[in-house]
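Enquirer: Residue 64 in the numbering used here is what sits at position 64 of the sequence shown, and the numbering runs on without skipping anything.
The beta-carbon is built from N, C-alpha and C at its ideal position, and this holds for glycine as well.
Quick one: this structure, given as structure tokens, is what I'll be asking you about.
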Amino acid sequence: MKGLVFFLASLFPMLYLAQSRADLTVQINNIEHNSGLVQLGLYNDASEFPEVGKTYRMVRVKTNGNKKLYTFKNLPIGRYALAIYHDENANNKCDTHFFGIPKEAYAFSNDIRPRFSAPSFKSCSFMLNADKAITIKLVY
């Protein structure tokens, strides 16, 4: 009987760990050109969003059509936001006009479209508490 109790008790941490992680699949739509790379920046800290180089996870993927799917695997349950841009000339930065307006396509989670400044983490964030798929449309 003690063995059974010990065995059942040892399962509880595994159940907790199994439910404390999730995958996030991002579908990027409206990719107009197959040149360069699309950079996805995943943030989990409001104070660092959307600063370049301050991502929780970042990936650059090749384009091959007007849509792209990417899955961030095994993420801790929590609140996240995405900042994406299409680095068409592959120079590892989002090229901007004089006032900081992007020359290259960009997007934020929740399809937030900033007007005069970068969007807030609060407006772009979403809760990841199970496997999730989101769709984001690039703006040119």
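Is there contact between the segment 71-90 and the segment 23-33, where contact requires at least three CB pairs shorter than 8 Å?
Expert: Yes: the two stretches touch, three or more of their Cβ pairs being nearer than 8 Å.
Enquirer: Would you kindly check if the distance between the Cβ of tyrosine 80 and the Cβ of asparagine 110 is under 7 Å?
Expert: Contact flag unset, no.
Enquirer: Let me confirm a value: alanine 46 is counted as buried when at least 16 other C-beta atoms fall within 10 Å, else exposed. Which label applies?
Expert: Under this definition alanine 46 is an exposed residue.
Enquirer: Using the Cβ count rule (16 or more neighbours within 10 Å means buried), how would you classify leucine 17?
Expert: In this predicted model, leucine 17 has a pLDDT of only 49, less than 50, meaning its place in the structure is not dependable enough to derive any value.
Enquirer: Whole-angstrom Cβ separation of leucine 75 and leucine 128, contact assumed at under 8 Å?
Expert: That belief holds up - the Cβ atoms of leucine 75 and leucine 128 are roughly 6 Å apart, short of 8 Å.
Enquirer: Answer with yes or no whether the minimum CB distance from serine 117 to chain D is below 7 Å.
Expert: Checking the listed chains, one finds no chain D in this structure; it contains a single protein chain.
Enquirer: Consult DSSP for leucine 131 and reduce its assignment to one of helix, strand or coil.
Expert: The question names leucine, but residue 131 in the sequence shown is aspartate. Aspartate 131: coil per DSSP, three-state reduction.
Enquirer: Just tell me which of Ala107, Arg115 and Tyr140 has its CA closest to the CA of serine 125.
Expert: Nearest option by C-alpha distance: Ala107.
Enquirer: As a quick exercise: from His33, Ile77 and Pro102, pick the residue whose alpha carbon is nearest that of serine 20.
Expert: Out of His33, Ile77 and Pro102, Ile77 has the C-alpha closest to the C-alpha of serine 20.
Enquirer: From valine 38 to glycine 53, what distance separates their C-alpha atoms?
Expert: Going from the Cα of valine 38 to the Cα of glycine 53 covers about 15 Å.
Enquirer: Ordered along the chain, which non-local residues of its own chain (more than five positions away) have a Cβ less than 7 Å from that of histidine 97?
Expert: Lys103.
Enquirer: If you draw a straight line from the alpha carbon of glutamate 88 to that of asparagine 34, how long is it in whole angstroms?
Expert: In a straight line, the C-alpha of glutamate 88 is about 8 Å away from that of asparagine 34.
Enquirer: Please classify phenylalanine 126: does DSSP put it in a helix, a strand, or coil?
Expert: Three-state result, phenylalanine 126: strand.
Enquirer: Taking Cβ to Cβ, would you say alanine 112 is nearer than 7 Å to serine 123?
Expert: Rather than alanine, the amino acid found at residue 112 in this sequence is isoleucine. Closer than 7 Å, so yes.
Enquirer: Specify, as a first and last residue, the run of the beta strand (DSSP E) that glycine 78 falls within.
Expert: Residues 78-87.
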